[in-house]
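Report on one structure; see the data block that follows.
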Amino acid sequence: MRKNLLQGTILLSVACLLLTQCTKTGSNPNALFQLRSPEDTGIEFVNTVAESDSFNIFTYEYIYNGGGVGVADFNNDGLQDVFFSGNQVPNRLYLNQGGFKFKDITENANVNGKKGRWNQGVAVVDINNDGWMDVYVCATANPDPEMRKNMLLVNQGASKNGEPTFKEMAADYKIDYSGHSVMAAFFDYDRDGDLDLYVLVNEKINNMPTNYRPKITDGSSPNNDKLYRNEGNGTFTDVTLEAGILWEGFGLGLAISDVNKDGWPDIYVSNDYLSNDILYINQQNGKFTNATADYIGHSSQFSMGNDAADINNDGLPEIITLDMLPETSDRKKTTIGNKSYQNYLNNEKFKYEYQYVRNMLQLNNGADKHIKFSEVGELSGVYQTEWSWSPLFADFDNDGNKDLIITNGFPKDITDKDFANYRADVGNIASNRSLIDSIPIVRIPNYAFKNNGDLTFSDVSKTWGLDKPSFSNGAAFADLDNDGDLDYIVNSINDKALLYENTLYAGKEKKSKMNFLRVKLKGTEKNPAGIGAKVTLHYGGGKLQYSEESVYRGFLSSVEETLHFGLDSTASVDSVVVEWPDGGTQRVRDVKTNQVITIAYAPDKKEGVKTAAPAMAETLFQKSGKKLNILFKHPEEDFIDFNLQRTIPHKFSQAGPGLSVGDVNGDGREDFIIGGSTHQNAQVYLQKPDGTFSPTMKNEKDERKPEEDEGLLLFDADNDHDLDLYIVSGSWEGEADATAYQDRLYLNNGKGGFTQSKDALPETKASGSCVRAADFDGDGDLDLFVGGRVVPSQYPTPPQSYLLRNDKGKFTDVTKEVSETLQLAGMITDALWTDYDKDGKEDLLVVGEFMAPTFFKNDGKKLAKVEASGVEQHKGWWNSIAAADFDNDGDTDYVLGNLGNNNAFDVTAETPLKLFAKDFDGNGSVDPVLACYMRVSMGSEEKKLYPVHFWDELNSQSPKFRNKYSRYKQYSKATADQVLTADDLKDAMILDANDMASSYIENKGNGTFSAHALPTIVQVAPVNGIVADDVNGDGNVDVVMVGNDYGNEVFIGRYDAFTGLVLLGDGKGGFRALPSAQSGFYTPHDTKALVKLYGAKNNEIFLASQNRDSLAVFTQKRVVPMRVISVEPADRWAELTLEDGRKQRVEFYYGAGYLSQSSRKLSVSPKVKEVMIYDASGKSRKVSLAAI
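Remember, my numbering sits 578 above the position in the sequence shown when you count from 1.
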């Protein structure tokens, strides 16, 4: 079949291959892409941009934004031709002659307007539905509006020599817009059958584009995009305002995609400068709504090109936007401006969404279910690619996963910090020419990323042959030689256009076994290319691939219209399903690979087959806040921790609120308590007989309360058979050892009334995190461990942690005598009393920041640190612990929440994150310096340890660093050991983290453990609250988890990718992720604690606290009935016998999970045949399941 595709080109291709390699300019003859020489191909287009004293980077910032590429078969000969737009040079059109030979037909084709037009975006379309492809060319820059009128080049058909000519007819169609157009896209937004037009606008307006001000949202801005409705009579009407296209923006990228899979095309606009990206959701009534805040947690700050495609083969489109973040320390620290918390404050004041300087990859979690996207660019490894322009997703190696190629480069880098200082010094006396000549040049290679199939990408720029330094802008892909792989074309500034041949199938020695399928759509009369259609391939026992027909991709460019699918070794596809723009669907079955298949419009039915991955008919969890009358919203004043220590990696003042569960008023029903922030009291919610809840006091400000509540614990402190309340005081908002950090114990009067005991606690003035209870000394009452979190203003000095022995209701600090090592164990975030070795004594597991999971073995008298646990080298930023017998082998395993891998530290065992801390300048304050591994240069794969901080940031922490360097360039090249000398590091604290993955810790049964990273989707953000529970009733323990951290430092910004996750356990230590769209468990905000409690009818309720947001409340509709067993205060663990004979161990905790204490009740599935419960003394009782 592939032989048929080659047709007459094969002989020429083989001849070229055999003759010589001189036609290919790549340095690696085995690379996937070979750069073809212009002399051989005939494509000699150069987008020359020449500066002058009156027209340059200072007078026109967009001078180097470049031109686009348009690919289509303009003469209908079966070969894809190439159109280039020129800025100061004419557009050029090249006809494909076969065998990578092209003919320049520009002079006769009539593809240029008046001399002096600055052309940019290229949108290919058959505007008049005559079967000949036309071109819409955007114009900008020229101050004369007449010279900015967009052109519509209507194809007049081919002459006898096979060469097409064009006629400019934009005015006839009433789309000769004369603003500052960047790009355009044709699509059927109103589903009336014809193609409408969206024009992306970017006009340099007079005010500073980076200064905060109120947004213009009424369509009056000069930077408002345009929407034209096709009237079906050869003309278009401007419907911008009536359609709701009202939001301003410095537009650079445009993608059309049905992001929420409702059958109607949506619009994503990436905007430069301060203006936010815009996600316009089609309302199906001719109008659009800006839904960016609903779906996008944060976006690129200087958004450039974008693309939309399904990168993980789940049937939902992802979105990528590009920015300017370099990969190397050298470039990062000479170009990035100083970060400021003021931006956060201004975002809230002026209602801007959050933006950060880096590429963003938005993972579609189920926009069809109104679930927000997760931004995973750092996890995926595609977030830092320099000054970038065009991203294109396509399967370039035909392995079944869409890869990514990015263009970049900029001739004059005005963001260089040293140049900015130089310009400020001499700008008044130096000429523009001398200043221009002083600007650094950014000529760097493009990036290629291979999709690994697990949300991550590998940088293959060099091995794929895309390592030629250039100033690359618009780009397109197409199968130029009809051999079944995608070739790549780039429009470059001041250099000849780049044409890369994909050699996947070139030559016997490279003959690939990868298969493909290419789908060409033949749509309706008014939309012959089927623009907006969706194609889904089903194959391989449940696999699918999904693509939408939109050729307007990347930056300023149009790709080929044939949809391309790589299929690895798959020989045939079970079915190809087309969902046409009008909602009609049709299916083609049993399709052989390695061919181009044409599917003509002949729908089986309207509004039929859906292409989205199927969701569960009824989700496991349902939102129930209103139903249960739980309407709490967490109030907290914003405190800027960074003002006290500039270089801390995140805030400590917005860690809560915590949650605690228990029957506080003795009525037999479980209640809960929410911790209060500074000047806010903890809130008690009592459960009423009907299962609803009622707060016992108003959630009002109380200036008399200086403490910030962290961990909460309900337990019987004084053995009077009711639940007392311990509250850990924490945060960062006062001086170390201040009274505001003293923990508090409130005694219960038996009816839910609490009174603070002034003398029950010793002095505990460390800023703490968690509190956990167990009878660690075996005397019959509950003792306490209290974890210290941080020493305010002295990060990362380890705070005091406490072991408090219960002496008849009064607590004594016995830390030093029982476990001296535990006193300053580290910056602890969570702890758990657990009998990991099943010897009948409660051992202790603690986790924290820059710590490994640390076990302390209880020998009855002392707690001794276990030095060889098997996980002692897994140092991370651990947040939380959940415990259960996940592999059903009779001992307790653990799931630990960590920072995750969606961050800029790129942590591995070989490249850890390091922290150096000391009072380096002798001024009495600790100066923390973070360092991570970065590439030495673009030309080297070697990585060295460099400070994470920008020079200005480090200077603001200590004048020592300000005096050491005189230029940003000097600091940018300094490694950590050059910034901090051996003398500096004498007596310094040195910490490291080498494992940031949230993990399953398997108990090996011999006193040692093994760490296993949880599925990739878990690693998108910090994991906080965790509950272990059999949510689907199959007898295996599952995990429910929440996460995020909005208090991260402001350059990388908020960790907000987590939406809540359910992990279904397989009973063998393995887990399958059930995302929010399928589970119904959706917690998209800054989620902290997670607890489970039981309602009036023993129905399970899950509560998740969200910092400065509403308490998330869920109930479960059980798939199978569960038996709920109440346990006694002294009960410690249970042994469950499963129907297959395996034993499952369950421990009962007083507190587990980040700032969390869940119910101690036990729920068991029908898979459990016997339950034996053991108390602290070792006594057991068998539970009659039949009686429940």
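A virtual CB, placed ideally from N, CA and C, is assigned to each residue, including glycine.
**Study point:** Any 3 or more C-beta pairs closer than 8 Å across the segment 1275-1283 and the segment 1216-1229
**Key:** Result no; under three Cβ-Cβ pairs closer than 8 Å.
Check your understanding: Are three or more beta carbon pairs between the segment 1453-1473 and the segment 1645-1655 nearer than 8 Å?
Key -> Yes, they touch.
Check your understanding: Just checking, does the segment 1530-1544 make contact with the segment 1449-1469 on the three C-beta pairs under 8 Å criterion?
Key -> The answer is no - the segment 1449-1469 does not touch the segment 1530-1544, with fewer than three Cβ pairs under 8 Å.
Point to revise | Per DSSP, the bridge partner or partners of leucine 1115 | key: Here residue 1115 refers to the residue found at position 537 when the sequence shown is read from its first residue. Answer by DSSP bridge pairing, in chain order: Gln1123 and Val1154.
Check your understanding: If you run the structure through DSSP and keep just helix, strand and coil, what is phenylalanine 1234?
Key -> Translated into the one-based positions of the sequence shown, residue 1234 becomes position 656. Strictly speaking, residue 1234 in this sequence is glycine, with phenylalanine absent from that position. Judged by DSSP in its simplified three-state form, glycine 1234 adopts coil rather than helix or strand.
Exercise for review: Rounded to whole angstroms, what's the CA-CA distance from proline 1377 to isoleucine 1251? Just pull it up for me.
Suggested key: Stepping through the sequence shown from its first residue, residue 1377 is reached at position 799. Stepping through the sequence shown from its first residue, residue 1251 is reached at position 673. When only Cα atoms are considered, proline 1377 and isoleucine 1251 end up about 26 Å apart.
Practice item. Determine, using beta-carbon pairs with one atom in the segment 1119-1131 and one in the segment 1195-1203, whether at least three such pairs fall under 8 Å. Key: Judged by Cβ distances under 8 Å, the segment 1119-1131 makes no contact with the segment 1195-1203, as fewer than three pairs qualify.
Check your understanding: The alpha helix (DSSP H) spanning aspartate 1467 covers which residue range?
Key -> The residue labelled residue 1467 in the question sits at position 889 within the sequence shown. Neither: aspartate 1467 is in no alpha helix (DSSP H) and is coded neither H nor E.
Review point. Can the beta-carbon of aspartate 981 be found less than 8 Å from the beta-carbon of asparagine 1029?
Key: Here residue 981 is taken as the residue at index 403 of the sequence shown, counted from 1. Here residue 1029 is taken as the residue at index 451 of the sequence shown, counted from 1. Their beta carbons are under 8 Å apart, which means aspartate 981 touches asparagine 1029 by this criterion.
**Study point:** Meets three-Cβ-pair contact criterion under 8 Å: the segment 1688-1695 and the segment 1410-1426
**Key:** Verdict: no, contact absent.
**Study point:** Residues near threonine 619 by beta carbon distance below 7 Å, same chain, minus five either side
**Key:** As a first step, residue 619 is located in the sequence shown; it is residue number 41 there, counting from the start. Hits under 7 Å: Phe678, Lys679, Phe680 and Leu1077.
Check your understanding: Of the residues Asp1146, Glu826, Gly1236 and Leu1141, which one's Cα is nearest the Cα of valine 1156?
Key -> Translated into positions along the sequence shown, residue 1156 becomes position 578. Here the closest residue by C-alpha is Leu1141.
Check your understanding: Out of curiosity, what's the CA-to-CA distance linking glutamate 1214 and glutamine 1261?
Key -> Taking the first residue of the sequence shown as position 1, residue 1214 is located at position 636. Taking the first residue of the sequence shown as position 1, residue 1261 is located at position 683. The alpha-carbon atoms of glutamate 1214 and glutamine 1261 are separated by roughly 14 Å.
**Study point:** Proximity of leucine 610 and threonine 1081 at Cβ, strictly below 8 Å
**Key:** In the sequence shown, counting from the first residue as 1, residue 610 sits at position 32. In the sequence shown, counting from the first residue as 1, residue 1081 sits at position 503. Contact check for leucine 610 against threonine 1081 passes: the beta carbons are separated by less than 8 Å.
Exercise for review: Count the other C-beta atoms from every protein chain shown that fall within 10 angstroms of the C-beta of leucine 819, then say buried if there are 16 or more, exposed otherwise.
Suggested key: Along the sequence shown, read from residue 1 onward, the residue named residue 819 stands at position 241. When all chains shown are included, leucine 819 counts as exposed.
Check your understanding: Roughly how many angstroms separate the alpha carbons of aspartate 1337 and alanine 1318, rounded to a whole number?
Key -> On the sequence shown, position 759 is the one that residue 1337 refers to. On the sequence shown, position 740 is the one that residue 1318 refers to. In a straight line, the C-alpha of aspartate 1337 is about 16 Å away from that of alanine 1318.
Review point. Any idea what DSSP makes of serine 1734, helix, strand or coil?
Key: As a first step, residue 1734 is located in the sequence shown; it is residue number 1156 there, counting from the start. Reduced to three states, the DSSP call for serine 1734 is strand.
Practice item. Could you name the residues of the same chain whose beta carbon sits closer than 6 Å to that of lysine 1747, not counting the 5 residues immediately before and after it, in chain order? Key: Working through the sequence shown from its first residue, we reach residue 1747 at position 1169. Around lysine 1747: Thr1715 and Glu1717.
Review point. Taking the DSSP output, what are the residues bridged to cysteine 1840?
Key: Missing from the structure shown is residue 1840; the chain here goes from 579 to 1766 and no further.
Check your understanding: Taking the C-alpha atoms as reference points, what is the distance between asparagine 1501 and leucine 1563?
Key -> Against the sequence shown, residue 1501 aligns to sequence position 923. Against the sequence shown, residue 1563 aligns to sequence position 985. Cα atoms of asparagine 1501 and leucine 1563: separation of roughly 16 Å, rounded to the nearest angstrom.
Practice item. In angstroms with no decimal places, state the Cα-to-Cα distance between arginine 1383 and valine 1392. Key: Translated into the one-based positions of the sequence shown, residue 1383 becomes position 805. Translated into the one-based positions of the sequence shown, residue 1392 becomes position 814. About 6 Å.
Check your understanding: Out of curiosity, what's the CA-to-CA distance linking aspartate 659 and proline 1506?
Key -> Stepping through the sequence shown from its first residue, residue 659 is reached at position 81. Stepping through the sequence shown from its first residue, residue 1506 is reached at position 928. About 57 Å.
Exercise for review: Provide the residue span of the alpha helix (DSSP H) that contains tryptophan 1529, from first to last.
Suggested key: Working through the sequence shown from its first residue, we reach residue 1529 at position 951. Residues 1529-1535.
Point to revise | Cβ neighbours of leucine 773 in the same chain (closer than 7 Å, five flanking residues each side left out) | key: The count along the sequence shown starts at 1 and reaches residue 773 at position 195. For leucine 773, where only same-chain residues beyond five positions count, the Cβ hits under 7 Å are Val703, Phe764, Phe765, Asp766, Asn808, Asn1105 and Ile1109.
**Study point:** Residues near tryptophan 825 by beta carbon distance below 6 Å, same chain, minus five either side
**Key:** Start at 1 with the first residue of the sequence shown, and residue 825 comes out as number 247. These residues qualify, in order along the chain: Thr795, Ile856 and Asn868.
Check your understanding: What's the gap between the Cα of aspartate 1753 and the Cα of arginine 1723?
Key -> In the sequence shown, the residue the question calls residue 1753 occupies position 1175. In the sequence shown, the residue the question calls residue 1723 occupies position 1145. If you take the alpha carbons of aspartate 1753 and arginine 1723, they lie about 14 Å apart.
Review point. What are the complete beta strand (DSSP E) segments, minimum 3 residues, inside the segment 839-866?
Key: For the beta strand (DSSP E) assignment, the uninterrupted runs of no fewer than 3 residues enclosed by the segment 839-866 are, from N- to C-terminal side, 844-850 and 856-860.
Exercise for review: Could you tell me if the beta carbon of valine 817 falls within a distance shorter than 7 Å of some heavy atom in the ligand ATP?
Suggested key: The ligand ATP is absent from the structure shown, which contains no ligand whatsoever.
Check your understanding: The beta strand (DSSP E) with asparagine 674 in it runs from where to where?
Key -> As a first step, residue 674 is located in the sequence shown; it is residue number 96 there, counting from the start. Under the DSSP assignment, asparagine 674 falls in the beta strand (DSSP E) whose first and last residues are 670-676.
Practice item. Kindly indicate which three-state DSSP category asparagine 625 falls into: helix, strand or coil? Key: In the sequence shown, the residue the question calls residue 625 occupies position 47. DSSP places asparagine 625 in strand when its eight states are reduced to three.
Check your understanding: Whole beta strand (DSSP E) runs in the segment 1023-1094 with 3 or more residues, listed along the chain?
Key -> For the beta strand (DSSP E) assignment, the uninterrupted runs of no fewer than 3 residues enclosed by the segment 1023-1094 are, from N- to C-terminal side, 1025-1029, 1035-1037, 1050-1056, 1065-1070 and 1076-1080.
Check your understanding: Less than 8 Å separating the beta-carbons of valine 715 and serine 756?
Key -> Sequence index remark: in the sequence shown, residue 715 carries index 137 (1-based). Sequence index remark: in the sequence shown, residue 756 carries index 178 (1-based). Pairing valine 715 with serine 756 gives a Cβ-Cβ distance that is not under 8 Å.
Exercise for review: With a 10 Å radius around its C-beta and 16 neighbouring C-beta atoms as the bar for buried, classify glycine 1638 as buried or exposed.
Suggested key: Reading the sequence shown from its first residue, position 1060 is the one you call residue 1638. Glycine 1638 comes out buried.
Review point. So does the segment 1599-1613 actually touch the segment 1553-1573, counting three or more Cβ pairs closer than 8 Å?
Key: Of all C-beta pairs linking the segment 1599-1613 to the segment 1553-1573, fewer than three are shorter than 8 Å, placing the two stretches out of contact.
**Study point:** Extent of the continuous beta strand (DSSP E) to which phenylalanine 1389 belongs
**Key:** As a first step, residue 1389 is located in the sequence shown; it is residue number 811 there, counting from the start. 1388-1391 is the span of the beta strand (DSSP E), which, as asked, contains phenylalanine 1389.
Review point. Secondary structure at leucine 731, three-state DSSP: helix, strand or coil?
Key: Counted from its first residue, the sequence shown places residue 731 at position 153. Note: leucine 731 maps to strand in three-state DSSP.
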